[in-house]
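To start, the structure itself, in structure tokens.
Residue numbers (this note's numbering): 1 to 257.
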């Protein structure tokens with residue numbers, strides 16, 4: 001099933017103009033990316049040039065930020081693409097399982113589209129939750145790397161971004177290790193494997209908290225903090241939910257394949 005994704009972007013460019021809201025619909029990956037950039041360039045920029053003199057670096061900064069937001073939004077949209085229809089039993093299983101997590105609404109939203117794949121399997125539920133978290137973490141890491149390459153960032157922002165990129169990279173590795181181990185879990189190695197997975201996912205959550213701490217304080221107010229912290233909070237919540245589901249799965253060996 002092809003899903004039409006409405007895309008609403010609140011665009012803030014410091015020292016240029018009041019916030020502008022752009023609305024588009026995307027029904028294929030990167031379907032209208034070039035058109036949106038062209039629309040932005042042809043519609044907003046000529047007017048801005050007439051209204052005030054702009055520095056070239058600010059203009060390039062604005063275009064770069066717009067492109068980064070669009071690409072990140074597309075990454076998130078791909079998670080929802082081609083969602084199949086699900087039976088009520090599978091949906092209720094996910095809703096019930098998510099009720100034990102710290103962020104049940106986020107848990108349900110992120111996993112219910114995979115209800116047919118998960119069925120009522122605790123292992124597949126955990127596997128899917130980890131995969132969703134991994135996708136979001138990779139996307140956030142790419143976003144931070146692109147923002148870090150934009151010239152003009154303050155030293156404190158650049159340093160926090162570099163530290164955050166490193167620890168989120170560690171989180172990605174730990175999530176990948178967890179998924180790999182989960183693929184090979186059996187009754188004979190269940191306890192040891194689940195203990196390893198719990199350790200890795202807990203470490204990933206700690207890394208994400210460390211990243212958020214780096215963007216605390218007045219010195220980090222503004223663009224980078226707003227964009228990055230929101231996404232770090234999201235993956236931290238996804239990781240927390242994954243850990244809760246892992247702990248539930250670890251509590252019973254009766255659900256092994």
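The C-beta atom is built at its ideal place from N, Cα and C for all residues, glycine as well. All of these numbers come straight from a predicted model, not from anything done at the bench.
Using a 10 Å radius around the Cβ and a threshold of 16 neighbouring Cβ atoms, would you call residue i buried or exposed?
i	result
residue 184	exposed
residue 97	buried
residue 246	buried
residue 102	exposed
residue 116	exposed
residue 162	exposed
residue 154	exposed
residue 100	exposed
Between the alpha carbons of residue i and residue j, how many angstroms are there, rounded?
i	j	result
residue 196	residue 178	8 Å
residue 126	residue 166	25 Å
residue 172	residue 204	8 Å
residue 189	residue 156	46 Å
residue 141	residue 229	12 Å
residue 94	residue 108	7 Å
residue 160	residue 199	25 Å
residue 234	residue 134	12 Å
residue 87	residue 244	24 Å
residue 104	residue 147	31 Å
residue 170	residue 192	22 Å
residue 262	residue 206	With the chain covering 1 to 257 only, the question about residue 262 has no answer from this structure.
residue 174	residue 210	15 Å
residue 106	residue 176	21 Å
residue 145	residue 242	25 Å
residue 149	residue 158	9 Å
Considering only the alpha carbon of each residue, which of the options lies closest to residue i?
i	options	result
residue 131	239, 213, 228 and 211	239
residue 186	116, 88, 101 and 123	123
residue 121	161, 91 and 145	91
residue 168	191, 149, 214 and 208	208
residue 226	117, 202 and 143	143
residue 181	164, 114 and 201	201
residue 252	232, 106, 194 and 206	194
residue 89	104, 100, 118 and 105	118
residue 232	128, 138 and 248	138
residue 136	150, 110 and 210	110
residue 249	114, 129, 112 and 113	129
residue 164	149, 150 and 213	213
Is DSSP giving residue i helix, strand or coil here?
i	result
residue 184	coil
residue 168	helix
residue 249	helix
residue 116	helix
residue 150	coil
residue 93	helix
residue 139	helix
residue 108	helix
residue 87	coil
residue 210	helix
residue 226	helix
residue 99	coil
residue 121	coil
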